[in-house]
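Engineer: Those letters in the sequence shown? Residues 0 to 113, per numbering that gives the first Met the number 0, in order.
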Amino acid sequence: MIVTIYGIKNCDTMKKARTWLDAKGIAYTFHDYKAEGIDEKSLKRFVDALGWETVLNRAGTTFRALPDEDKQDLDATKAIALMLAQPSMIKRPMLDRDGALTAGFKPDIYETLF
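#1: May I ask which residues mark the beginning and end of the beta strand (DSSP E) holding L125?
#2: Let me check understanding here. Comparing Cα to Cα, which of L81, H30, R44 lies closest to C10?
#3: Quick one: measure Cβ to Cβ for M13 and G6, integer angstroms, because I've assumed they're closer than 8 Å.
#4: Taking just the CA atoms, how far does D95 sit from Q71?
#5: Decide if L81 is buried, meaning its Cβ has at least 16 other Cβ atoms within 10 Å, or exposed.
#6: Would I79 pass as a contact of V46 if the rule is Cβ separation under 9 Å?
#7: Should A16 go down as buried or exposed, given a rule of 16 or more other Cβ atoms within 10 Å for buried?
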């Protein structure tokens, strides 16, 4: 099984997800948006699988700090452009387990995945 977890190193939810994976002995690769960014192809795959409404983290401070005009009339194209410019706006963590994607971290959902 190939597992990749996408996010930001200092995010509290990311820390919980990585701690959970470590405690279960699950090997994974960590992709840090801050250090590595995100390519458009990967981001479009996230959006195609989960919907831009799930992938775009509108609750985060990065999104809330945007000018109002950037937040209006959102669609997949505009959301992808925002997330490419500011990967901090991507929901965290994004878990890729053999190509199957899961957004966010909830221990009970991770239990069903592994």
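Just so you know, even glycine gets a beta-carbon here, dropped at the ideal spot from N, CA and C.
Structural biologist: Looking at the atomic coordinates:
#1: Since the first residue of the chain shown is 0 and the last is 113, residue 125 is not available in this structure.
#2: H30
#3: 4 Å
#4: One C-alpha to the other measures close to 30 Å.
#5: buried
#6: Yes.
#7: buried
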